[in-house]
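>
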Amino acid sequence: MFKNYKDIFNQRGTLYHQGMLKHPLARAAEFNNIIKLSDLQDNQIICDMPSGGCYISNFIQQNLKIISIETSNEFIKDSHNTVNNTIVVCEDISNIPLNSNSIDRIMSLAGLHHIEHKVDFYKEAYRLLKTKGIFCIADALKDSKVANFLNIFVDQYNSMGHQGNFLTENTKDELEFINF
39 MFKNYKDIFN QRGTLYHQGM LKHPLARAAE FNNIIKLSDL QDNQIICDMP SGGCYISNFI
99 QQNLKIISIE TSNEFIKDSH NTVNNTIVVC EDISNIPLNS NSIDRIMSLA GLHHIEHKVD
159 FYKEAYRLLK TKGIFCIADA LKDSKVANFL NIFVDQYNSM GHQGNFLTEN TKDELEFINF
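For the sequence shown, our numbering gives the first residue as 39, with consecutive numbering after it.
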């Protein structure tokens with residue numbers, strides 16, 4: 039079984055992308071929810087990380103600059119830079135080649151449960167955000183219905199399995215320790 043995000047999506051990214059192309063609205067509620075919570079404004083610079091196949095850019099209506107951060111080349115091989123969306127591929131999600139204090143909003147949707155060292159990721163998000171920036175995390179809580187569906191049902195019936203490391207009661211403390 040693959041343990042980290044990059045390895046998982048280097049293996050499964052193409053199939054995931056094919057599914058999203060076939061059913062582009064399958065996750066519309068998730069995308070629209072995090073966009074609403076992030077309070078996006080025109081002319082902002084936002085990061086979507088990890089971005090998967092850069093799908094969130096299809097749902098953003100505001101005139102802003104999107105930077106899609108991804109570690110899996112396979113996951114984004116069919117995604118392309120556009121006028122409003124720049125793709126940045128990096129080896130490590132906790133070491134992103136962008137300037138400090140340069141991002142207005144960071145959105146992380148349903149990818150954190152595949153990241154083992156979340157605190158390092160949180161520190162990197164803090165480094166990137168401008169002073170009044172917003173870091174919006176949307177993922178499942180440990181032992182929630184969604185987490186159990188993924189770690190029990192999907193794990194059993196997906197040939198690659200699924201073992202997510204979901205958000206816990208410690209997540210708030212971890213974020214506050216970093217000064218969020």
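Each residue gets a CB set at the ideal place from its N, CA and C atoms; glycine is no exception.
H118: buried (16+ other C-beta within 10 angstroms of its C-beta) or exposed?
By the 10 Å Cβ count, H118 comes out exposed.
> Could you check the C-alpha separation between F204 and Q100 for me, to the nearest Å?
Using only the alpha carbons, I get a separation of about 30 Å.
> Within the continuous alpha helix (DSSP H) that includes K115, where are the two ends?
That residue, K115, is in no alpha helix (DSSP H); it is neither H nor E in DSSP.
> Would G202 pass as a contact of H151 if the rule is Cβ separation under 7 Å?
Yes, the pair counts as a contact, with Cβ atoms nearer than the cut-off.
> Report yes or no: do the segment 93 to 109 and the segment 66 to 74 share at least 3 C-beta pairs separated by less than 8 Å?
Yes, since at least three Cβ pairs between the segment 93 to 109 and the segment 66 to 74 fall closer than 8 Å, the two stretches touch.
> From K170 to S197, what distance separates their C-alpha atoms?
Going from the Cα of K170 to the Cα of S197 covers about 43 Å.
> With three or more beta-carbon pairs closer than 8 Å as the criterion, would you say the segment 122 to 138 touches the segment 181 to 201?
Touching, no, given that fewer than three Cβ pairs across the two stretches are closer than 8 Å.
> Going by C-alpha distance, which of Y54, M58 and T124 is nearest I242?
Lying before the first or after the last residue shown, residue 242 is absent from the chain, which here runs from 39 to 218.
> Please classify L63: does DSSP put it in a helix, a strand, or coil?
Residue state, collapsed to three classes: coil.
> With H, G and I counted as helix, E and B as strand and the rest as coil, what does DSSP make of E154?
Three-state DSSP puts E154 in coil, outside helix and strand.
> Between which residues of its own chain and M145 is the CB-CB distance below 6 Å, once the five residues before and five after are set aside?
These residues qualify, in order along the chain: I72, S76, D86 and C174.
> According to the Cβ coordinates, are K161 and I105 closer than 7 Å?
Against a cut-off of 7 Å, the Cβ pair of I105 and K161 comes out as no contact.
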